[in-house]
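Enquirer: Numbering (this note's numbering), first residue to last: 19 to 216. To start, I am sharing the structure in question, which I have written as structure tokens.
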């Protein structure tokens, strides 16, 4: 319903999708800010955690207890960064079905090379941009102390991005816009907390 209202106001489905993401970002601003603060704090304490893992690598139980103590002292929730993604998944899934089943979006152009938002981007420009923004988000996130998890942090966005090469352009546009706005918010919070580039 909201997407249709935005289309009636803007007269273009592509810009309606962008406006929908902006409205959702405003609605979830404080939830996202809380999650990004948690991730920024995780990034700030990462050197401590890495040193702890190295020092207590032969004592896994003590290492876990010490890590939990650090998280408590620093008021950090290691799972706090997952909340925005979980909260936004219903909207992502709903839009996916709208794009697949909506007659109005068939042959709906957006800009330049995008002539049909319900079809795959013919030049794969949106999926490539989405991949780039996903990798940038990974860089902004704290590096997990475990080397295997750290590698997976870089591999997962690439694997996830491959799927977007086969998704409708409108859906990729939704996720790309979401990524760009998330990066801007995360960048500002990281800069505010002094953890940018750590």
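Here a beta-carbon is modelled for each residue, glycine too, at the ideal position from N, C-alpha and C.
#1: Return the first residue and the last residue of the alpha helix (DSSP H) that residue 137 is part of.
#2: If you reduce the DSSP assignment to three classes, tell me which class residue 173 lands in.
#3: Rounded to the nearest angstrom, how far is the Cβ of residue 38 from that of residue 49, given a contact under 8 Å?
#4: Using the three-state DSSP reduction, which class does residue 75 fall into: helix, strand or coil?
#5: Where do the N-terminal and C-terminal ends of the alpha helix (DSSP H) with residue 120 fall, by residue?
#6: Tell me the DSSP secondary structure of residue 157 in three-state form.
#7: Rounded to whole angstroms, what is the Cα-Cα separation between residue 165 and residue 78?
#8: So what's residue 129 in DSSP terms, helix, strand or just coil?
#9: Would you mind giving the Cβ-Cβ distance between residue 137 and residue 186, rounded to the nearest angstrom? I have them listed as a contact below 8 Å.
#10: If we count the other Cβ atoms within 10 Å of its Cβ and call it buried at 16 or more, is residue 59 buried or exposed?
#11: If you run the structure through DSSP and keep just helix, strand and coil, what is residue 211?
#12: Between the stretch 80-93 and the stretch 115-125, are three or more C-beta pairs nearer than 8 Å?
#13: Count the C-beta pairs between the stretch 169-181 and the stretch 135-151 that are closer than 8 Å, then say yes if the count reaches three, no if not.
#14: By DSSP, does residue 197 sit in helix, in strand, or in coil?
Expert: Reading from the atomic positions:
#1: Run containing residue 137: none; DSSP gives neither H nor E here.
#2: Three-state result, residue 173: helix.
#3: About 17 Å; that fails the 8 Å criterion.
#4: Correct three-state label for residue 75: coil.
#5: It is not in any alpha helix (DSSP H) - residue 120 carries neither H nor E in the DSSP assignment.
#6: In the structure shown, residue 157 sits in a helix (DSSP, three-state: H, G or I).
#7: Answer to the nearest angstrom: the Cα atoms are 16 Å apart.
#8: Residue 129 falls in the coil class under three-state DSSP.
#9: The C-beta distance from residue 137 to residue 186 rounds to 6 Å, short enough to fall under 8 Å.
#10: Counting other Cβ atoms within 10 Å of its Cβ, residue 59 reaches 16 or more and is therefore classed as buried.
#11: Under the three-state reduction of DSSP, residue 211 is assigned to coil, being neither helix nor strand.
#12: When C-beta atoms of the stretch 80-93 are compared with those of the stretch 115-125, fewer than three pairs fall below 8 Å, so the two segments do not count as touching.
#13: Contact between the stretch 169-181 and the stretch 135-151 is present, because at least three Cβ pairs lie under 8 Å.
#14: When DSSP states are grouped into helix, strand and coil, residue 197 belongs to the helix group.
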